[in-house]
Amino acid sequence: MKNFNKKIILGISTFVLLLFASCTDDLNTEPKVELSLENLLAKDPNAVQGLLSKMYGTFALSGPTGPGSSDISGPDPGETAFLRGIVNLQDFTADGMKNRWGDDGLDQLTTTSNWDENNKFFKYLYDRVYYVVPQTTNIMLVLESVDVENKEQIVSELRFIRALAYYYMIDCFGKGVIVNESNYGNTAPLEESTRTEMFEYVESELLAIEPTMPTTNEYGRANKSVVRMLLAKLYLNAEVYTGQARYADALNYTSLVIDEGGYSLDDNFVSMFSADNYNSNEIIFPLIADAVVSQSYGNTTYIVNGSLSTETIPIADFGTTDAWTGHRATKAWYGLYGDLETSTDDRAQLFWTEGHNYEMADYKEWEDGYPSIKFRNTNFNGSSIATPFSSTDFPLYRLADAYLMYAECVLRGGGGSESTALGYVNAVRTRSNASAISAGELTLDFILDERARELNLEGHRRSDLIRFGKFAGGSYLWPWKGNNVNGVSISNDYKVFPIPASALQANPNLNQNSGY
C-alpha cells in the first residue's frame with residue numbers, strides 16, 4: 373500500500389511548523405522559521421523523512437494543510453498544484469485534450485493562442501519550480517552539518533527532486549536562474565541561465581547521483597531507474613533544448629531502465645489508471661494521491677473529476693461524487709484508433725461517446741468532443757467507494773514510455789536494435805489488443821501516433837509534438853490550434869512559454885522569450 377503517504381502527512385505537518393515562505397518573489401529569501409532546520413533535525417533526526425516526503429508531495433499536492441492551501445500564491449489554491457500545471461501546459465496546449473471553462477487564461481492554453489506573460493497558469497508552474505528549488509537546496513545545506521541516517525541517499529533524492537523541477541523549466545520556459553548550494557542566500561538577483569546552461573547543470577546533477585541511488589526504494593520515491601528515466605528524457609529532447617542530438621545517450625539510459633529496472637508491462641492497460649494502481653509493476657515513478665490523507669484538487673482528482681459530468685456520464689461508475697464538466701478529447705486523439713466501435717484496441721474504448729459529438733465545433737460546449745475515461749477513481753481489483761477526491765496515483769514514468777522511447781531513438785539513429793524496437797512497440801500494442809505492426813510500418817510518424825494512443829493525458833504530448841516538429845507552424849493542424857476550429861499555423865515562438873511578468877519584475881536579469 374501507499375506507506376509513503378503517512379510520511380507526506382508528517383512532512384506537511386513539519387513544514388507547517390517551519391512556516392516556510394514562498395521563494396517566488398525573491399529567490400534568495402531565507403525561509404521564515406519558528407524552529408531552525410538545524411535544531412529540528414538535531415532534536416529529531418527522523419524528521420528528515422518528513423521534509424523529504426514534503427518535497428516529493430509538492431509535485432501532486434497544492435499546499436501543507438489540505439486541498440484549500442497552497443505553497444505558492446494564487447486566488448484558487450487548487451489551481452496552483454504542479455501536476456495540474458503539467459496537464460494544463462502539456463496536454464491542453466497540444467492536440468488531444470481541450471478544456472471548456474475558459475477562465476483566466478485557460479482559453480489561451482486550450483486554443484494555443486494569444487499567450488502572454490500575465491497568464492496565471494504560466495506563473496503557477498514557474499513559481500512551483502522556484503518553490504521546490506530553494507527548499508530542496510536549503511535542506512541539503514542544513515544536512516551538511518547534521519547527522520541523519522542514510523544521509524547520502526537522502527541528499528541524492530533531494531537533488532533528483534530539484535533536477536526534476538528544473539527539467540520543466542528547461543522544457544517549458546527555455547531558461548531561468550540556477551539556484552544551488554553555491555549561491556543560495558545571495559542578496560543580489562541571480563544571473564539568467566540559458567537553456568543549454570540549465571541542461572548541462574541538470575545533466576551533471578543526474579549523472580552525479582545516478583551511481584549513489586538505490587536500485588529499489590519505497591513506493592513514491594526515486595530510485596536508480598527513475599534517475600535514468602529523467603536522464604533519458606533530457607537526452608531525448610536534447611536537440612530541441614541545445615541544438616545537439618543525444619539520441620545515443622537517450623537510448624543508453626532507456627536501455628538501462630528496461631534491462632535493469634525489473635519492471636514489466638501490466639497485463640491490463642486500465643489497471644494503471646485505477647485507484648489501486650500502486651500494485652502496478654509497470655509504473656516507474658508515481659505521484660501519489662489518496663482520497664483521505666493527501667487530498668488535492670491538483671492531482672489526479674483534476675483529471676478524473678474534470679473529465680466527468682452528470683449531464684452525460686454516470687459518475688459513480690468512475691469512483692467520484694464530484695464532476696466538473698471540463699475536459700474532452702478531440703478527434704486528434706480518438707481519431708488515431710479509427711472506428712471506435714469496431715476497434716479491437718482496448719485504449720479505443722476509453723472515451724465516453726454517448727451524448728457527445730465526434731467533432732469539436734465549439735470547445736466550450738461540453739457535448740462537443742469525447743471525454744476521456746482513461747483515469748478513474750475505482751479499484752481495478754475489488755470494490756471501491758466513490759469519493760470526491762481521487763486515490764489514483766499519476767504515472768509520471770512507466771515502462772511503456774521507455775519502450776516507445778527506445779524505438780524512437782533507434783529510428784533517429786541512436787543505435788540499438790531495430791528488431792528489439794519493433795518487439796517493444798508490438799508489446800505495447802498487443803497488451804491492449806491492438807494488432808502488431810511489421811518492420812516496414814515502424815516509422816517516426818507511427819511512433820508519434822502510438823505515443824498519443826498510449827500516453828495522452830500523461831503530460832508528454834506538447835513536448836512530443838515539438839520534438840517531432842509538429843507543434844508550431846502549419847504542417848500539422850488540430851482542432852482549435854491557433855483558435856481556429858480546423859486549426860491554423862502558429863509561430864515558432866510558441867515552442868516555449870512566456871516568462872511570467874511577476875518573475876521579470878522580481879529579477880531584472882531575466883529577459884522575456886522571443887515573440888512575447
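If you want the working numbering, it's the 1-based position in the sequence shown plus 372.
Where is the CB? At the ideal position from N, CA and C, for every residue including glycine.
Query raised in the report: Going by beta carbon distance, what residues of the same chain come within less than 7 Å of serine 756, once the five residues before and after it are set aside?
Result: The residue given as residue 756 occupies position 384 in the sequence shown. Correct list, in chain order: Ala647, Gly691, Thr750.
Query raised in the report: Applying the criterion that 16 or more other CB atoms from any shown protein chain within 10 Å of the CB defines a buried residue, is serine 597 buried or exposed?
Result: Taking the first residue of the sequence shown as 1, we reach residue 597 at position 225. Classification for serine 597: buried.
Query raised in the report: What beta strand (DSSP E) runs, 3 residues minimum, are completely inside the region 623–687?
Result: For the region 623–687, whole beta strand (DSSP E) runs of length 3 or above, ordered along the chain, are 655–659.
Query raised in the report: Given a threshold of 16 other Cβ atoms within 10 Å of its Cβ, counted over all protein chains shown, does glutamate 402 qualify as buried or as exposed?
Result: Translated into positions along the sequence shown, residue 402 becomes position 30. Caution applies to glutamate 402, whose pLDDT of 38 falls short of 50 and renders its modelled position unreliable; the value that the coordinates give is listed next. Its Cβ having fewer than 16 others within 10 Å, glutamate 402 is exposed.
Query raised in the report: Can you tell me whether alanine 560 is buried or exposed, with buried defined as 16 or more other CB within 10 angstroms of its CB?
Result: Start at 1 with the first residue of the sequence shown, and residue 560 comes out as number 188. Counting of Cβ neighbours within 10 angstroms places alanine 560 among the exposed residues, the total staying below 16.
Query - serine 576 in three-state terms, based on DSSP - result: To locate residue 576, count along the sequence shown from 1; it is residue 204. Helix.
Query - Neighbourhood of aspartate 397 by C-beta distance below 8 Å, restricted to the same chain and skipping five residues each side - result: As a position in the sequence shown, residue 397 is number 25, starting the count at 1. Residue confidence is low: aspartate 397 scores 48 on pLDDT, short of 50, so the model does not pin down where it sits. No coordinate-derived value is stated.
Report task. Inspect the CB distances between the region 717–726 and the region 864–874 and report whether three or more fall short of 8 Å. Result -> By the Cβ criterion, the region 717–726 is not in contact with the region 864–874, since fewer than three pairs of Cβ atoms, one from each stretch, lie closer than 8 Å.
Query raised in the report: Does the region 660–672 touch the region 699–710, meaning 3 or more C-beta pairs lie closer than 8 Å?
Result: Judged by Cβ distances under 8 Å, the region 699–710 makes no contact with the region 660–672, as fewer than three pairs qualify.
**Report entry** Pairwise C-alpha distance: glycine 457 and lysine 426
**Finding:** Here residue 426 refers to the residue found at position 54 of the sequence shown. Here residue 457 refers to the residue found at position 85 of the sequence shown. Each residue's Cα considered, the two are about 18 Å apart.
Requested in this report: Less than 8 Å between the CB atoms is what I'm expecting for leucine 603 and leucine 623, so what's the real figure, rounded?
Outcome: As a working note, residue 603 is residue 231 in the sequence shown. As a working note, residue 623 is residue 251 in the sequence shown. Not really, about 11 Å apart at Cβ, beyond 8 Å.
Query raised in the report: So glycine 785 and tyrosine 613 are in contact, right, with Cβ under 8 Å, and what is the actual spacing, rounded?
Result: Indexing the sequence shown from 1 puts residue 785 at position 413. Indexing the sequence shown from 1 puts residue 613 at position 241. That pair is no contact at about 18 Å.
Query raised in the report: Alpha carbon to alpha carbon, what distance is there between glutamate 780 and aspartate 475?
Result: If you number the sequence shown from 1, residue 475 lands on position 103. If you number the sequence shown from 1, residue 780 lands on position 408. Rounded to the nearest angstrom, the two C-alpha atoms are 37 Å apart.
Query raised in the report: Helix, strand or coil: which one does DSSP assign to aspartate 765?
Result: The residue you call residue 765 lines up with position 393 of the sequence shown. Correct three-state label for aspartate 765: coil.
Query raised in the report: Does the beta-carbon of lysine 793 have 16 or more other beta-carbons within 10 angstroms, so that it is buried, or is it exposed?
Result: Here the question's residue 793 lines up with position 421 in the sequence shown. According to the sequence as given, residue 793 is alanine; it is not lysine. Within 10 angstroms of the beta-carbon of alanine 793 lie 16 or more other beta-carbons, which makes it buried.
Requested in this report: Taking 8 Å as the cut-off, decide whether the C-beta atoms of asparagine 534 and valine 504 are in contact.
Outcome: Residue mapping note: residue 534 aligns to position 162 of the sequence shown, counting from 1. Residue mapping note: residue 504 aligns to position 132 of the sequence shown, counting from 1. In the sequence as displayed, the identity of residue 534 is arginine instead of asparagine. Arginine 534 places its beta carbon less than 8 Å from that of valine 504.
**Report entry** Rounded straight-line distance, which links the Cα of valine 664 to that of serine 763
**Finding:** Walking along the sequence shown from the start, residue 763 turns up at place 391. Walking along the sequence shown from the start, residue 664 turns up at place 292. Annotation: serine 763 to valine 664 spans about 8 Å, alpha carbon to alpha carbon.
Query raised in the report: Assuming arginine 500 contacts phenylalanine 454 under a Cβ cut-off of 8 Å, what Cβ separation, rounded to an integer in Å, is found between them?
Result: Stepping through the sequence shown from its first residue, residue 500 is reached at position 128. Stepping through the sequence shown from its first residue, residue 454 is reached at position 82. Your pair arginine 500 and phenylalanine 454 checks out as a contact, with CB atoms roughly 5 Å apart and the cut at 8 Å.
Query - Rounded straight-line distance, which links the Cα of glycine 845 to that of glycine 854 - result: Sequence index remark: in the sequence shown, residue 854 carries index 482 (1-based). Sequence index remark: in the sequence shown, residue 845 carries index 473 (1-based). Glycine 854 and glycine 845 have their C-alpha atoms some 10 Å from each other.
Query - Sheet register partners of histidine 832 (DSSP bridge) - result: Taking the first residue of the sequence shown as position 1, residue 832 is located at position 460. Note: histidine 832 is not bridge-paired with any residue in the DSSP secondary-structure output.
Query raised in the report: Do aspartate 765 and isoleucine 660 come within 8 Å of each other at the CB atom, strictly closer than that value?
Result: As a position in the sequence shown, residue 660 is number 288, starting the count at 1. As a position in the sequence shown, residue 765 is number 393, starting the count at 1. Going by beta carbons, isoleucine 660 and aspartate 765 fall inside the 8 Å limit.
Query - Short Cβ contact (8 Å threshold) for isoleucine 838 with leucine 776 - result: Taking the first residue of the sequence shown as 1, we reach residue 838 at position 466. Taking the first residue of the sequence shown as 1, we reach residue 776 at position 404. Contact flag unset, no.
Report task. In the DSSP assignment, find the beta strand (DSSP E) that holds asparagine 471 and state where it starts and stops. Result -> Locating residue 471 in the sequence shown gives position 99, where the first residue counts as 1. First-last of the beta strand (DSSP E) with asparagine 471: 469–471.
Query raised in the report: What are the boundary residues of the beta strand (DSSP E) that includes alanine 617?
Result: Sequence index remark: in the sequence shown, residue 617 carries index 245 (1-based). Premise fails: alanine 617 is in no beta strand (DSSP E) and is neither H nor E.
Query - alpha helix (DSSP H) runs wholly inside the region 457–517, at least 4 long, in chain order - result: With a minimum length of 4 residues, the unbroken runs of alpha helix (DSSP H) contained wholly in the region 457–517 fall at 478–482, 492–515.
Query - Nearest-angstrom Cβ-Cβ length linking phenylalanine 747 and valine 676, presumed shorter than 8 Å - result: Your numbering for residue 747 matches position 375 in the sequence shown. Your numbering for residue 676 matches position 304 in the sequence shown. That belief holds up - the Cβ atoms of phenylalanine 747 and valine 676 are roughly 5 Å apart, short of 8 Å.
Report task. From the DSSP output, read off the bridge partner residues of threonine 759. Result -> Mapped onto the sequence shown, residue 759 falls at position 387. DSSP output for threonine 759 lists Thr692 as bridge partner(s).
Query raised in the report: Would you report the Cα separation of serine 477 and arginine 801, rounded to the nearest angstrom?
Result: Here residue 477 is taken as the residue at index 105 of the sequence shown, counted from 1. Here residue 801 is taken as the residue at index 429 of the sequence shown, counted from 1. As written in the sequence, residue 477 is glycine, which differs from the serine given in the question. Distance from the CA atom of glycine 477 to the CA atom of arginine 801, rounded to whole angstroms, is 36 Å.
Query raised in the report: How far does the alpha helix (DSSP H) with alanine 799 in it reach, from first residue to last?
Result: By 1-based counting over the sequence shown, the position of residue 799 is 427. 790–803 is the extent of the alpha helix (DSSP H) around alanine 799.
Query raised in the report: Can the beta-carbon of valine 551 be found less than 8 Å from the beta-carbon of alanine 733?
Result: One-based indexing of the sequence shown puts residue 551 at position 179. One-based indexing of the sequence shown puts residue 733 at position 361. For valine 551 and alanine 733, no; Cβs fall outside 8 Å.
Query raised in the report: Is it a yes or a no for the region 798–815 touching the region 634–646, going by three-plus beta-carbon pairs under 8 Å?
Result: The answer is yes - the region 634–646 touches the region 798–815, with three or more Cβ pairs under 8 Å.
Query raised in the report: Mapping DSSP to helix, strand and coil, what is valine 405?
Result: The residue labelled residue 405 in the question sits at position 33 within the sequence shown. For valine 405, the predicted model reports a pLDDT of 37, less than 50, meaning its position is unreliable; a value from the coordinates is still stated below. Three-state result, valine 405: coil.
Requested in this report: Counting only the same chain and skipping the five closest in sequence on each side, list residues whose C-beta sits under 6 Å from that of valine 514.
Outcome: Position 142 of the sequence shown, counting from 1, holds the residue named residue 514. Excluding positions up to five away in sequence, the list reads Leu409, Glu410.
Query - Separation of asparagine 881 from glycine 634, as counted between CA atoms - result: Indexing the sequence shown from 1 puts residue 634 at position 262. Indexing the sequence shown from 1 puts residue 881 at position 509. Between glycine 634 and asparagine 881, the C-alpha separation is close to 45 Å.
Query raised in the report: Where does isoleucine 581 sit, in a helix, a strand or coil, going by DSSP?
Result: Numbered from its first residue, the sequence shown carries residue 581 at position 209. Look at isoleucine 581 here: in three-state DSSP terms it is helix.
Query raised in the report: Distance, Cα to Cα, tyrosine 607 vs tyrosine 778?
Result: Translated into the one-based positions of the sequence shown, residue 607 becomes position 235. Translated into the one-based positions of the sequence shown, residue 778 becomes position 406. Looking at the two C-alpha atoms, the distance is approximately 12 Å.
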